[in-house]
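> Please find one structure pasted underneath; my questions will follow.
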Ligand code: CP
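Numbering (the numbering used here), first residue to last: 202 to 549.
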């Protein structure tokens, strides 16, 4: 495992190095087995508290962060914004300060405003994890996508990834573009002209190939990633009708003939069946949509473990230790001293 991980918060993929991303993925890999055991729990974050603060709806991200925290033996608390004092007019900052007064180790936040997690990171002592901020970034989604691709393709370097759909509003597209390019994949995007802004071409140094026709983006692709039409973020009529979108930009079986013969299909969910992706594809043999969800738990375990387990007082695992190292060390009562020493050695 790489020993280059040194991060207080996870706010986006853009600011991570390729080494840090690889270390997160390797750590997630080592956590995958825990979810297959009969007793799906290890003591790595015993005594730690994780707060899920979600200002937007979520099924996958919120549930998997909660499951991840519980599988690591942390105490997980979910704040429902509709029943919290936010509904009485409390500001985000005051909400965060009040939560901080209860000494959580990690706050996982989803918010409709880009930059909300960065705002909290400036004022909170707890590790802040971005679970999706507006149209900006969704780092754990890109990590679980990368873990899924790596599992099936054995690598990311040299792959062609086609990202199809509502690029403009997609934090998933943005985080994936940063991550995939850092790990050596090439990226083509396609969608209606109104939803594929020219700025995306310059998002990364190597450049993103913008295609108007989805067929052109999909040719020879190893991975076809379909994005959800984000009706809740669309303030304008970006295309005439959903029916027309489905015909022009929805992924159909005929498109897959253009991709590599072993191409895989992904979607971050929630999906609009029959609009951006045909049901035969979503439920077909090339679809990894549910595997993505499964890998979301492992990725979020890795993120919580690396941030809440090392960031506060060195009482967790050092960046070079695997989960089994931690368990053995804890059983021998030796984690604290060994971890502090290891941490000093890995700072850069
Ligand atoms: N992919 C994703 O973020 O799904 P949720 O909105 O259900 O969390």
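Idealized CB from N, CA, C, for every residue including glycine.
Measuring from each Cβ to the nearest heavy atom of the ligand CP, keep the ones under 5 angstroms and list them in chain order.
Chain-ordered list of matching residues: 259, 260, 261, 262, 469 and 470.
> Tell me which same chain residues have a C-beta within less than 6 angstroms of the C-beta of residue 300, skipping the five on either side of it?
For residue 300, where only same-chain residues beyond five positions count, the Cβ hits under 6 angstroms are 252.
> Determine the extent of the alpha helix (DSSP H) in which residue 490 is found, giving its start and end residues.
Taken as a continuous stretch (DSSP letters only), the alpha helix (DSSP H) holding residue 490 covers 490-509.
> Just the C-alpha distance for residue 422 and residue 432, rounded to the nearest angstrom, thanks.
Near 27 angstroms, if we compare the C-alpha coordinates of residue 432 and residue 422.
> Quick check on DSSP: helix, strand or coil for residue 255?
DSSP places residue 255 in strand when its eight states are reduced to three.
> Please look up how many angstroms separate the CB atoms of residue 287 and residue 250, rounded, as I've assumed it's under 8 angstroms.
Not quite, the Cβ-Cβ distance comes to about 20 angstroms (not below 8 angstroms), so this is no contact.
> For residue 425 versus residue 419, is the C-beta spacing smaller than 8 angstroms?
Yes.
> Which same chain residues end up closer than 8 angstroms to residue 408 when comparing Cβ atoms and leaving out the 5 residues on each side of it in sequence?
Answer for residue 408: 402, listed in chain order.
> Quick one: using the 10 Å Cβ neighbour count with 16 as the cut-off for buried, is residue 240 buried or exposed?
Under this definition residue 240 is an exposed residue.
> If you draw a straight line from the C-alpha of residue 389 to the C-alpha of residue 378, how long is it?
Rounded to the nearest angstrom, the two C-alpha atoms are 9 angstroms apart.
> Enumerate in chain order the residues of its own chain whose CB-to-CB distance from residue 317 is below 7 angstroms, with the five nearest sequence positions on each side excluded.
Contacts found: 293, 310 and 334.
> Going straight from the alpha carbon of residue 367 to that of residue 219, what length do you get?
Roughly 26 angstroms separates the two Cα atoms.
> Helix or strand or just coil, what does DSSP make of residue 329?
Here residue 329 sits in strand by DSSP.
> Report yes if the CB atom of residue 226 is closer than 8 angstroms to the CB atom of residue 328, and no otherwise.
No, Cβ-Cβ distance for residue 226 and residue 328 is not below 8 angstroms.
> Residues bridged to residue 361 by DSSP?
387, per the DSSP bridge assignment.
> Could you have a look at residue 282 and say whether DSSP puts it in helix, strand or coil?
It is helical.
> Rounding to the nearest angstrom, what Cα-Cα distance links residue 264 and residue 450 in this structure?
Approximately 30 angstroms, taken between the alpha carbons.
> Let me know the secondary structure DSSP gives residue 215 once reduced to three states.
Residue state, collapsed to three classes: coil.
> Need the endpoints of the alpha helix (DSSP H) that residue 345 sits in, please.
340-354 is the span of the alpha helix (DSSP H), which, as asked, contains residue 345.
> Just to confirm my understanding: we take residue 232, look at its own chain, exclude 5 residues before and 5 after, and list those with CB closer than 7 angstroms. What are they?
Hits under 7 angstroms: 499, 502, 503 and 524.
> Rounded to the nearest angstrom, how far is the Cβ of residue 336 from that of residue 315, given a contact under 8 angstroms?
Between residue 315 and residue 336 the Cβ distance is about 6 angstroms, and since that is below 8 angstroms, they are a contact.
> Assuming residue 312 is part of the alpha helix (DSSP H), what are its boundary residues?
Segment 307-312 is the beta strand (DSSP E) holding residue 312; no alpha helix (DSSP H) there.
> Which one or two residues does DSSP pair with residue 412 in a beta bridge?
391.
> Between the alpha carbons of residue 363 and residue 332, how many angstroms are there, rounded?
Whole-angstrom Cα-Cα distance: 23 angstroms.
> Excluding five sequence neighbours on each side, which residues of the same chain lie with their C-beta closer than 7 angstroms to the C-beta of residue 211?
Excluding positions up to five away in sequence, the list reads 330, 331, 340, 504 and 508.
> Is residue 490 closer than 8 angstroms to residue 456 when the C-beta atoms are compared?
No.
> Using alpha carbons as the reference points, say which of 429, 463 and 343 lies closest to residue 354.
Comparing Cα positions, the closest option is 463.
> According to DSSP, is residue 223 part of a helix, a strand, or is it coil?
If DSSP states are grouped into helix, strand and coil, residue 223 belongs with the helices.
> Tell me whether residue 303 is buried or exposed, calling it buried when 16 or more other Cβ atoms sit within 10 Å of its Cβ.
It is exposed - the Cβ of residue 303 has fewer than 16 other Cβ atoms within 10 Å.
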